[in-house]
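Q: After the C-alpha cells below, expect a handful of questions from me.
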Amino acid sequence: MSNEVDNEIREIELNQKEAKSMVDDRKAVQRLLSNRDFKRVVTSGYFEKEAVRLVHLKSDANWQSDEAQKVIENQMTGIGTFQQYLDAVVALGGHAAQAVEDADAALEDLRSSDEA
C-alpha cells in the first residue's frame, strides 16, 4: 500500500471506530428505554410524574420565594436536559450507523484500488 492510502485507511478506521461506539451507545439507550424498570423509574417516574409534581409545586403558595422558584425551574430544566441527551444519543447513533456503512465501502474501495 502506498503511504498516502495507508494513512487514509487509518483515518477512516479511526473514524469508524468512533462511529461504532456511538452506535453502541444508541443501542444501550434503546435497551434502557425498553427496560420495564427504566420505564417505571425514569420514563414514567421522572420524565412524567416528577415533571407534573414540579409544575404543581411552582404554583404552591409555600414555594413562591425567588430562591424556591429557581430551584424548581432548575429541576424542571434537568428533566428536559436529560430527555434531550437520550434523544441526541439515539439520533447521533443513527447517523453513526450510516457512517459505519459508508466507511466500510470507502475502505473496500481504497484497498481494492491500492491492490490494482
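The numbering used here numbers the first residue of the sequence shown as 3 and each following residue consecutively.
Note that beta-carbon positions come from the ideal geometry of N, C-alpha and C, so glycine has one too.
Because the structure is a prediction, the values reported are computed rather than measured.
Could you tell me the alpha carbon to alpha carbon distance between Asp-27 and Asn-76, rounded to whole angstroms?
A: Going by the C-alpha atoms only, they are around 27 Å apart.
Q: On the criterion of 16 or more Cβ atoms from any shown chain inside 10 Å, does Ala-105 qualify as buried, or is it exposed?
A: By the neighbour-count rule (16 or more Cβ atoms within 10 Å), Ala-105 is buried.
Q: Roughly how many whole angstroms lie between the Cα atoms of Leu-56 and Asp-8?
A: Answer to the nearest angstrom: the Cα atoms are 56 Å apart.
Q: Give me the Cβ distance between Ala-107 and Ala-21, rounded to the nearest whole Å; I'm assuming they're in contact under 8 Å.
A: Their Cβ separation, rounded to whole angstroms, is 13 Å, which puts Ala-107 and Ala-21 out of contact at 8 Å.
Q: When you compare the CB positions of Gln-18 and Val-92, do they come within less than 8 Å of one another, or not?
A: Their beta carbons are not under 8 Å apart, which means Gln-18 does not touch Val-92 by this criterion.
Q: What is the C-beta distance between Leu-112 and Glu-10, in whole angstroms, given that I count them as a contact (C-beta under 8 Å)?
A: About 6 Å separates the two Cβ atoms, so the contact holds.
Q: Three-state secondary structure (DSSP) at Ser-4?
A: Note: Ser-4 maps to coil in three-state DSSP.
Q: Using 10 angstroms around the beta-carbon of Val-25, count the other beta-carbons present and answer buried if the total reaches 16, otherwise exposed.
A: The residue is buried, with at least 16 neighbouring Cβ atoms inside 10 Å.
Q: Between which two residues does the alpha helix (DSSP H) harbouring Lys-60 extend?
A: Counting along the chain, the alpha helix (DSSP H) containing Lys-60 begins and ends at 53 to 61.
Q: Does the Cβ-Cβ distance between Phe-53 and Ile-81 come in under 8 Å?
A: The displayed chain sequence assigns Ala, not Phe, to residue 53. Taking 8 Å as the Cβ cut-off, Ala-53 and Ile-81 qualify as a contacting pair.
Q: Contact check, Leu-109 vs Ile-14 under 8 Å by CB: the rounded distance?
A: With a Cβ gap of about 6 Å, Leu-109 and Ile-14 count as contacting.
Q: Rounded to whole angstroms, what's the CA-CA distance from Gly-47 to Phe-84? Just pull it up for me.
A: If you take the alpha carbons of Gly-47 and Phe-84, they lie about 13 Å apart.
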